[in-house]
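Numbering (this note's numbering), first residue to last: 1002 to 1103.
Glycine residues also receive a C-beta, built at the ideal position from the N, C-alpha and C atoms.
No experiment lies behind these values; they were computed from the predicted model shown.
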């Protein structure tokens, strides 16, 4: 019998199959995603029958989401031109070649 309570975002290893998966949703059933991206669903009775062990998040957790290093950016990488002056887009200083001095 399994004494592991499922938690969304937690990683587990099925000791019988050797597969590692993450719990992605819990509602009427427990939905999990394997490292290869496959989605599995367990009802509570099936979950209790599994031989599970909590494990650390694997290093290659981006694999099921098909993210490469190019897709993974820091928020500081994005600086939009004129983001510090949003009114400049709405009310430009020059209208039809005339400069707005107001």
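Measure the C-alpha to C-alpha separation of residue i and residue j and round it to an integer number of angstroms.
i            : j            : result
residue 1030 : residue 1047 : 10 Å
residue 1038 : residue 1025 : 11 Å
residue 1035 : residue 1057 : 14 Å
residue 1009 : residue 1028 : 11 Å
residue 1032 : residue 1004 : 18 Å
residue 1055 : residue 1023 : 10 Å
residue 1050 : residue 1017 : 11 Å
residue 1020 : residue 1014 : 6 Å
residue 1059 : residue 1007 : 18 Å
Which two residues bound the contiguous beta strand (DSSP E) that contains residue i?
i            : result
residue 1042 : 1040-1043
residue 1026 : 1021-1027
At a threshold of 7 Å, does residue i count as lining the ligand SAH (C-beta to nearest heavy atom)?
i            : result
residue 1048 : In the structure shown, the ligand SAH is absent, as is every other ligand, since no ligand is present at all.
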